[in-house]
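Data block below; observations after.
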Amino acid sequence: MSSGLGVYFDGRTARRQDVHVELGVTALRIIAPDGRPILDWPFGELREVADPSGGLRLTRDGGAALARLEIRDAALAREIRARAPNLSNGSDRSVDRKVVAWSLAAVVSFVVFGLYGLPALIDRVAPALPWSVDRRMGEALDGQIRLILPVRRGSFACGDGPDERDGRAALDALGERLSGAASLPFPVTIVAVRSDIPNALALPGGPVYLFDGLIARAQSGDEIAGVLAHEIGHVAARDGARRVLQAGGLSFLFGFVLGDFVGGGAAVAVVRALSEASYSRGAESDADAYSVRLMRKLGADPKALGALLTRLAGEDKADGGMVFGYLASHPDAQARRRAIDDAAAGAPPARPLMDGPAFAALKRICGARA
């Protein structure tokens, strides 16, 4: 029996699970680290979806909509492909439909563009998109993010080293609480990034990147939670999807809708726009208000985000404007703190979302800093 390692996402929570994968006669079995079987996926029901990192990413017909299994072992991936008869079925049959759909989409886009102009068109299109399009955007752009963003020596994502796993467990637990309270139609995945820049950003569809430079400057778990809640607010408002459409154009959108996204230079431009530019003042205010509501819903400190913002602003001023990061894309810290404090007025006494040991573990999630 062939076997190997994989990463499993159940589609209901944001937690990533390192699993063992065994290939049987008619199905592959997903096994937890403690040896407990999780699921059997019949080979005939396996479907392959695009994986920007070049591995094998699987879903199952009839399974949870967002569940997936990722295989990095090339030999195991080859054997799965050999045993799964329908892995890519449907792609050839859909070509003619896609040609027709592209033609119709082009006609519609020209008509609507002529009536409203591109900015107004994007504002009308983004809220009407199925959430699955946001998810496809995020999954496709994730690979580009990992190639473009500068990180310290080592892997892009933190939490896999032997001294980092407790931190990842703490971040996963925090992410699950925030994601559950947000009640979006999909779990929000949080990724700690091995970068000294104090920043955080969200892709369409839920991947949120929390940079180690920001973790290092936080003084409580609620400050981290406030930042993550703010970024989840951008996801909920489809702000990232709007930014993608603004930077990549309508052809980028149709590629996601029809499943023909191929990346390249346009993807790089979109990633840079997402990571380097700021949202509008209104979008930032709305995300701050969302953070306050989400933190209040969880009984946490809704003012924690404002405290972190003004402390970063003080560091930035003391360093002659060299902190950059979160303040570069999230300006006006003092005004935003006042608005956050006003929105949080009357909140009951807060219960921290993290205890001391969990926060200490989170601070170590990316290992030793320079």
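Numbered according to full-length UniProt numbering, the sequence shown spans residues 1 to 370. Cβ coordinates follow ideal geometry from the N, Cα and C atoms, glycine included.
From the options, residue whose alpha carbon lies closest to that of residue i
i, options, result
"LEU56", "ARG72, ALA67, GLY62 and GLU45", "ARG72"
"GLY63", "ASP34, ILE31, ASP10 and GLU22", "ASP10"
"ARG364", "GLY226, PRO150, ARG351 and ALA192", "ALA192"
"ALA358", "GLU164, ALA140 and GLU79", "GLU164"
"PRO207", "ASP222, ALA241 and GLU79", "ALA241"
"ALA182", "ARG78, ASP286, ALA229 and GLU22", "ALA229"
"VAL19", "GLY35, ALA27 and THR26", "GLY35"
"PRO348", "LEU312, ARG293, ASP40 and ALA335", "ARG293"
"MET137", "ARG243, ILE224 and LEU39", "ARG243"
"ARG78", "ARG217, GLY4, GLY205 and SER220", "GLY4"
"SER132", "SER220, VAL235 and GLY154", "VAL235"
"ASP172", "TYR209, ALA140 and ARG153", "TYR209"
"ARG124", "ALA339, ARG296, GLN246 and LEU312", "GLN246"
"ARG83", "ALA140, TRP41 and ASP160", "TRP41"
"PRO130", "ALA169, PHE186 and LEU312", "PHE186"
"SER285", "ALA343, GLY180 and PHE43", "ALA343"
"ALA313", "LEU298, ASP332 and MET295", "ASP332"
"ASP222", "ASN86, ARG296, ILE38 and PRO127", "ARG296"
"ILE232", "ALA345, GLY54, SER2 and THR189", "THR189"
"GLY143", "ARG153, ALA157 and ARG152", "ALA157"
"PRO302", "SER278, ARG338 and SER2", "ARG338"
Per DSSP, cross-strand counterpart(s) of residue i
i, result
"GLN17", "TYR8"
"SER3", "GLU22"
"ARG281", "None; ARG281 has no bridge partner."
"LEU46", "ARG60"
"ALA27", "PRO42"
Reduced DSSP category for residue i - H, G, I as helix; E, B as strand; rest coil
i, result
"VAL111", "Its pLDDT being 46, under 50, VAL111 is placed unreliably in this model, and the coordinates cannot settle the point."
"ARG60", "strand"
"PRO127", "helix"
"ALA350", "coil"
"MET322", "Its pLDDT being 42, under 50, MET322 is placed unreliably in this model, and the coordinates cannot settle the point."
"PRO37", "strand"
"ALA84", "coil"
"TRP102", "Per-residue confidence for TRP102 stands at a pLDDT of 40, beneath the threshold of 50, marking its modelled position as unreliable; the derived number appears in the next sentence. Residue state, collapsed to three classes: helix."
"GLU70", "strand"
"SER91", "Annotation note: pLDDT 43 at SER91 (below 50); position unreliable, coordinate value reported separately. Here SER91 sits in coil by DSSP."
"ALA157", "strand"
"ILE145", "helix"
"residue 379", "With the chain covering only 1 through 370, there is no way to say anything about residue 379."
"VAL151", "coil"
"PRO357", "helix"
"PHE261", "Since pLDDT at PHE261 reaches only 48, below the 50 mark, its modelled position is unreliable, and no value is offered."
"ILE340", "helix"
"ALA368", "coil"
"ASP96", "Any answer about ASP96 is weak, because its pLDDT of 42 lies below 50 and its placement is not dependable; what the coordinates show is given next. It is helical."
"SER183", "coil"
"ALA304", "helix"
"ARG135", "helix"
"GLU164", "coil"
"TYR116", "Low local confidence applies: a pLDDT of 49 at TYR116 is under 50, so the model's placement there is unreliable, with the coordinate-based value given in what follows. Here TYR116 sits in helix by DSSP."
"GLY54", "coil"
"ALA333", "helix"
"ALA345", "coil"
"LEU245", "helix"
"ALA287", "helix"
"LEU298", "coil"
"ARG238", "coil"
CB-CB length for residue i against residue j, believed under 8 Å
i, j, result
"ARG369", "ASP196", "7 Å"
"PRO352", "ALA300", "7 Å"
"LEU76", "VAL21", "7 Å"
"GLY226", "LEU308", "7 Å"
"LEU214", "PRO198", "4 Å"
"GLY306", "ARG281", "Between ARG281 and GLY306 the Cβ distance is about 16 Å, and since that is not below 8 Å, they are no contact."
"LEU362", "ALA170", "5 Å"
Short CB-CB distance (under 7 Å) between residue i and chain B
i, result
"GLY167", "No chain B appears in the structure shown, which is made up of a single protein chain."
* Write down every uninterrupted run of the alpha helix (DSSP H) in the segment 193 to 231 whose length is 4 residues or greater and which is fully enclosed by it, in chain order. => DSSP runs (the alpha helix (DSSP H)) wholly in the segment 193 to 231: 212 to 217.
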